[in-house]
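Every letter in the sequence shown is one number past the one before it in our numbering, and letter 189, counting from 1, is 1307.
Even for Gly, the Cβ is constructed at its ideal location relative to N, Cα and C.
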Amino acid sequence: MASFKDYKYIGMPFHAVGFPQPVYSHLMGSNDGVNWDDLKSYDFGWRDTDIAYINGEFWTCTGTCINHTKDFENFTQVNCPDMGLKNLWASEFFQDNSGQWWFIYCGSETDVDYLEFKLYASKMYPEKYQIDSSRMDIILKAGGGYIDPNINYINGSYYLWCSKTSTPTQELHLFKSSNVLGPYDEIQTNIKELINNAGFTWDEAPEMLKVGGKYYLYSDPWNYGDDESKRNIYRAESDDLVTWTNMQRCNADVTMRHFTPLYIGTNESGSNNNVPQEPISIDIELWDGNPGTLNQTNQDNFTVIQKLIDRINQLAQTNPLFSEYNVSFDLQLLPLLNRNARVQFLNNANLLDKLMPTLMEDILLMAGIIDYEYKKPVIPTVLYFDKTMWNNYWQAVADDLNLITNAINQITGGKN
């Protein structure tokens, strides 16, 4: 039997025999995002399953049922607190630009009245296997009746797809915000026209991926009154998020409905899959520049720097193309109580500032990436800088290092 590690895309759609049950879950794999192989079937009855790769494990969620697994054979359940909703649907995981993970979902406090459905978010802490019980609104500059949220962070903004259910037909809408919780402004797209031209009247369950400079939108278009077992997943593509083309049916031996495709990449041979590396999370309270700050907070700051430098040094030790890059910085050599923490920060930020331009130019050129314009992140220099300034700086460096890592994987076929 083929392994999920042999595929570039994986997902867990459900095959519907009836509504709302019974349904059967399937682990699917694909190398083009359109044609899918059935790798394993489950009798879980999971609908609308999301998959995310977090801290070396795959996490799944469907409603309030949350699990983590390394092999898709053995699943360990994570407790989901009571969010105070009578209905909680289409849950997903999302990591924002600061590194914070979120549990995203839609729901209502009453019976199934679509006009009462809203979008919500709760913070999650994967390292603790914990979901926060606090329910926060995701604010849309629109009315109620929106379900199936899917969020992506792109070029400094949050893009949210969802389904609108309070209309004569069910349709997809795209919103944009500078904040993960909104408020979100709607962006007009041609998706509704595209769906209608393809002969469908309803569409739901939007899930977007960005792969190789293209955006791919998966959804469940269907005709009102159709039997659920006859519906299937389709994929459209776009270069700009506004104009979408190529409404293409996804093919599989089983009927596929609402799932989140996860791109995990693969080397040229199609095997020895390279599971995505986790972006560096910056989710601690950063020091505010006060020289009298307690030592533990200072140590947390040094840990942020150490994570970034360890990434460079790890690549230097494991890949000959990277061997000339080695940064000397040892957290253990720093005093536990360092009243010059601000100076230490600036010294190391300046060190990275000198290293990164050459690093970016050399490695990206080797990978054939010539259309990337490197922009140095701004190093805070004011006397009393705040945590937002530092978060922005370290996140920019972390993003660049992730880009370099992906380029190394491209050069070496994932063997780094």
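Taking buried to mean at least 16 other C-beta atoms within 10 Å of its own C-beta, is residue i buried or exposed?
i: T1180; result: buried
i: L1519; result: buried
i: Q1195; result: exposed
i: K1126; result: buried
i: P1131; result: buried
i: P1379; result: buried
i: Q1288; result: buried
i: K1282; result: buried
i: T1523; result: buried
i: L1404; result: Caution applies to L1404, whose pLDDT of 40 falls short of 50 and renders its modelled position unreliable; the value that the coordinates give is listed next. So L1404 ends up on the buried side.
i: S1251; result: exposed
i: P1498; result: buried
i: Y1276; result: buried
i: L1482; result: buried
i: G1174; result: exposed
Below 6 angstroms CB to CB, which residues in the same chain sit around residue i once its five sequence neighbours on both sides are set aside?
i: T1307; result: L1292 and V1360
i: T1178; result: T1167, I1169 and N1185
i: G1129; result: M1146, F1377 and P1379
i: Y1247; result: V1196
i: N1369; result: N1153
On a CA-only basis, which of the options is nearest residue i? Give me that one, please.
i: T1373; options: F1122, L1233, Y1142 and A1323; result: Y1142
i: P1339; options: K1328, M1326 and L1312; result: L1312
i: K1310; options: D1371, L1335, A1514 and F1132; result: L1335
i: D1166; options: G1331, N1149, N1173 and H1133; result: H1133
i: K1294; options: T1283, T1287, Y1492 and N1273; result: N1273
i: L1473; options: W1207, V1515, M1484 and A1525; result: V1515
i: S1337; options: F1162, W1279, N1315 and N1297; result: W1279
i: I1257; options: G1300, G1217, S1296 and M1242; result: G1300
i: L1290; options: A1323, Y1276 and I1487; result: A1323
i: L1157; options: A1485, G1151 and F1122; result: F1122
i: E1245; options: G1202, Y1171, D1231 and Y1232; result: Y1171
i: N1197; options: D1189, K1188 and C1183; result: C1183
i: Y1511; options: D1371, N1468 and N1153; result: N1468
i: A1120; options: D1150, G1151 and D1155; result: D1155
i: A1485; options: L1521, K1493, K1494 and Q1513; result: L1521
i: S1148; options: P1199, D1371 and P1475; result: D1371
i: G1262; options: E1325, M1326 and D1231; result: D1231
i: G1343; options: W1320, F1176, M1326 and K1328; result: W1320
i: M1201; options: V1496, D1471, K1493 and R1253; result: R1253
i: M1326; options: D1345, Y1381, D1189 and Y1160; result: Y1381
Using a Cβ-Cβ cut-off of 7 angstroms (strictly less than) and excluding sequence neighbours within five positions of residue i, which residues of its own chain qualify?
i: I1222; result: S1209, E1210, F1212, A1239, P1267 and I1269
i: A1260; result: E1304
i: D1214; result: W1220, Y1271 and V1298
i: A1316; result: P1339 and M1365
i: M1507; result: P1498
i: D1229; result: K1204
i: R1367; result: N1350 and Y1352
i: G1331; result: none
If you drop the 5 nearest sequence neighbours on each side, which residues of the same chain put their C-beta closer than 8 angstroms to that of residue i?
i: T1363; result: L1312, A1354, E1355 and S1356
i: C1224; result: L1206, W1207, A1208, F1235, K1236, L1237, Y1238, Y1264, I1265, D1266, P1267 and C1280
i: F1318; result: P1339, W1340 and N1341
i: A1525; result: I1481, L1482, M1484, A1485 and I1487
i: K1328; result: N1270, I1272 and Y1334
Please decide whether residue i counts as near chain C, where near means a Cβ-Cβ distance under 7 angstroms.
i: W1207; result: The structure shown has no chain C; it contains just one protein chain.
Going along the chain, which unbroken runs of the alpha helix (DSSP H) with 4 or more residues stay wholly within the segment 1236-1298?
none
With a floor of 3 residues, list each beta strand (DSSP E) that falls wholly inside the segment 1129-1172, ordered by position along the chain.
As far as the segment 1129-1172 is concerned, its whole beta strand (DSSP E) runs of at least 3 residues are 1132-1134, 1141-1148, 1154-1160 and 1168-1172.
Which runs of the beta strand (DSSP E) fall wholly inside the segment 1188-1233 and span at least 3 residues, in chain order?
1194-1196, 1205-1213 and 1219-1226
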